[in-house]
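Down below is the structure, laid out as structure tokens.
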Amino acid sequence: MKRNFAILAFVLVVVGALVGGLLGRLPSRGSASSAVTPERIENDYKEAVDLIDKNYVGNVDHEKVSDRSIQGMLWTLDPHSSFFTRDEFRKLNEEQASQFYGIGVSILRHDGPTLGGVYVQSVIPNTPAEKAGLRYGDRILTVDGKDAKDWTVSEVSKNVRGEKNTAVDLAIERAGSNGTTNYEITRGGVPLPSVRNYFMLPNGTGYVGLTGGFQETTAEELDTAIAELKKQGMKNLVLDLRGNPGGLLPQAIEVASRFIPGGQTIVSVKGRSRYAASQDLKASEGKNQDFPLVVMMNSGSASASEIVAGAIQDYGRGLIVGTNSFGKGLVQRIFPLSYGTGLTLTTARYYTPFGRSLQRDYSNGSIYDYYTHGEDVDETLETTPKPTGSPVATANGRVLYGGLGIAPDVTAASVPFTPLRSRIGDAAFFFVRQLAAGRVSSFENYKIDHQNFKATLQADDVPVTDKLFEAFTNFAAANKDLGLTSENVSGHADYAKTRLRGELATANFSNEAGVQALLEKDPQILKALEAMSDAKKLNENLAWNRH
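Here the working numbering is used: position 205 in the sequence shown is 205, and no number is missing along the way.
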């Protein structure tokens, strides 16, 4: 069965994805024996599998062999044409639907010789996890009887997710409780929003964190966030696309339509198949918002994120703040295959309204080098890579370059990562875990029985007092697992207080509130606020604003 599936899946992909183009080329006379045909591909593959079956020293997993063969073939085309196994293809479809089936927890791995493991950061309201009683700080020990103490977040997530209405068994270690607690939780729908949080910043500036990809509900979520922020007095907007890997092209068009008037070209798509006819995709009518705009990007911003930012930058609609984006200018179409698998195949290239291709070169180097290029860029330095590609002049005479993603108008360094800061972050979590359980002497009133589920943090919420910070410093220095001293913590007091407030907000309210506490001190956000005055001038000088 597995062997037949392997052959069928491989032949389906090769014939469907490649042979149509190859058969369009007539072989020269006398070379018919070397012509690439569906029959030859199938026979060659069968022969290779037969040789492996008869001669390989160990057992052969034909499905895995087939999966890797197809993926290797697709990666000879480009880095973004990919094969998806049954589990991967199901997850892809779930993400596009903005929902998956699981238990509804935000989890994170914290390290330490005895404390290391995957912990619950927050539970999502109205999900199976909330109804079962999971809470901040719960350490996941086993999943369906399998030891999970050394698992990564991805491994825990993969094993916790599953089919709707199926059960998963968890063993939990809770601060303040002896032993372990077992939970049998029935999986249900869990929202997977594109807009992860939104709140007000100083000076009438709203913040929208559109960091969860471009899915079926993205534009609708953005509309809701903007409407709510307007009620709170928003006059300017920071749209955060950092780490947004992209997603559905129609949703990128809709998001850009919120900032660019109807009828203007958002992106040009150039393909040659019936799945991707060349066309200019234009903004929808009647949806344009005219407030000053700053868009935030980094090396994790790709695809649909770059389409939105590229249109905004080409038209001078707003300022781009951050660091260079990923550089993906290829459009993929999803093709379902037999047995629940599927693939994404590049069917077109896209270009910004004034003709920039943002795709980085992938002709040299490995797939690993291509996908980890961002790791070679120090985003803590306020420098911009030298432009590459052909220069393109925009309507206002500005010269922009393609070939290296979106280059920011204002370069802003990210928060520098250091091992010491990582240990301080872990210490903040472990301290608040004890605090929330009512186990810190003189701070028993900080005990949390239930999350509030408030998404937005107010200025006077969960303050970090001098006494609380002193207790945290003593805790961190006394716990040898954390590898910290009082001097370590006091030398990074501002950072430590921010992390501590973030953990308090998460434990008391929600993951969104905790992230807000960190974002309010984020140097890139602060740079975006500084740039807003220039964004206002840019907005005033737009061609469609002049009468």
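Quick reminder that beta carbons are idealized off the backbone N, C-alpha and C, glycines included.
State the start and end residues of the unbroken alpha helix (DSSP H) segment that holds residue i.
i, result
"M532", "523 to 540"
"E512", "511 to 519"
"I260", "First-last for I260: undefined, no H or E at that position."
"P559", "What is shown of the chain runs 1 to 547, which leaves residue 559 out entirely."
"K91", "86 to 96"
"T473", "466 to 478"
"V60", "Looking at the DSSP string, V60 is not in any alpha helix (DSSP H), and its letter there is neither H nor E."
"L293", "Looking at the DSSP string, L293 is not in any alpha helix (DSSP H); the run it does join, the beta strand (DSSP E), is 293 to 297."
"Y362", "From DSSP, Y362 is part of no alpha helix (DSSP H); its letter is neither H nor E."
"E228", "218 to 231"
What are the boundary residues of the beta strand (DSSP E) that includes residue i?
i, result
"P391", "391 to 393"
"G209", "205 to 210"
"L239", "236 to 240"
"F326", "F326 -> no beta strand (DSSP E), and no H or E assigned at all."
"R421", "Where R421 is concerned, there is no enclosing beta strand (DSSP E), although the alpha helix (DSSP H) it sits in stretches over 419 to 436."
"Q279", "279 to 282"
"A171", "167 to 173"
"I185", "181 to 186"
"N197", "195 to 201"
"A348", "342 to 351"
"Y401", "399 to 401"
"G355", "Unbroken run through G355: none, as it is neither H nor E."
"V462", "Looking at the DSSP string, V462 is not in any beta strand (DSSP E), and its letter there is neither H nor E."
"I320", "319 to 322"
On the CB-based measure, 16 or more other CB atoms within 10 Å of its CB, does residue i come out buried or exposed?
i, result
"E444", "exposed"
"Y56", "exposed"
"P408", "buried"
"H62", "buried"
"E540", "exposed"
"D562", "What the structure shows of the chain is the stretch from 1 to 547, and residue 562 is not part of that stretch, so it cannot be assessed."
"Q121", "buried"
"W544", "exposed"
"F291", "buried"
"Y339", "exposed"
"P416", "exposed"
"N511", "buried"
"L237", "buried"
"T341", "buried"
"A48", "exposed"
"K64", "exposed"
"Q279", "exposed"
"D67", "buried"
"E470", "exposed"
"G24", "Bear in mind that a pLDDT of 31 at G24, under 50, signals an unreliable position, so the model cannot answer this."
"A129", "buried"
"L26", "Per-residue confidence for L26 stands at a pLDDT of 33, beneath the threshold of 50, marking its modelled position as unreliable; no derived number is given."
"L51", "exposed"
Identify, in the order they occur along the chain, each residue of the same chain with its Cβ nearer than 6 Å to the Cβ of residue i, setting aside the five sequence neighbours on each side.
i, result
"K396", "For clarity, residue 396 is Asn in the given sequence; the question names Lys instead. Correct list, in chain order: G316."
"Y446", "L435"
"A496", "I424, V489"
"K230", "none"
"S28", "Any answer about S28 is weak, because its pLDDT of 39 lies below 50 and its placement is not dependable; what the coordinates show is given next. Cβ neighbours of S28 beyond the five flanking positions: none."
"R139", "G117, Y119, E173"
"A505", "L457, V462, A513, G514, A517"
"T473", "S486, V489"
"N232", "What sits at residue 232 in the sequence shown is Gln, not Asn. Excluding sequence neighbours, Q232 sits near M200."
"I525", "L519"
"A132", "Y183, I185"
"G593", "There is no way to answer for residue 593, as the model of the chain reaches only from 1 to 547."
Could you check how far apart the C-beta atoms of residue i and residue j are, in whole angstroms? I think they sit under 8 Å.
i, j, result
"Q96", "S82", "Not really, about 15 Å apart at Cβ, beyond 8 Å."
"N197", "G213", "That belief does not hold up - the Cβ atoms of N197 and G213 are roughly 15 Å apart, past 8 Å."
"E228", "V195", "In fact, because the Cβ distance is near 10 Å, the residues do not count as touching under 8 Å."
"G104", "T127", "2 Å"
"Q516", "L420", "In fact, because the Cβ distance is near 24 Å, the residues do not count as touching under 8 Å."
"L241", "M200", "Contact flag wrong, Cβ pair sits at about 19 Å."
"A528", "V321", "5 Å"
"Y183", "L239", "Not quite, the Cβ-Cβ distance comes to about 39 Å (not below 8 Å), so this is no contact."
"A476", "L482", "6 Å"
"E306", "I406", "5 Å"
"P191", "Q99", "6 Å"
"F429", "H110", "5 Å"
Below 8 Å CB to CB, which residues in the same chain sit around residue i once its five sequence neighbours on both sides are set aside?
i, result
"V331", "L249, V269, G271, A276, T346, T347, A348, R349, Y350"
"R258", "A219, L222, D223, I226, K287, N288, Q289"
Please work out which residues of its chain come closer than 7 Å, Cβ to Cβ, to residue i, disregarding the five sequence neighbours upstream and downstream, and give them in chain order.
i, result
"K282", "G263, Q264, T265, I266"
"G286", "G262"
"F453", "P125, F509, S510"
task: Ignoring anything shorter than 3 residues or poking outside the region 90 to 139, list the beta strand (DSSP E) runs there in chain order.
output: 99 to 102, 105 to 110, 117 to 123
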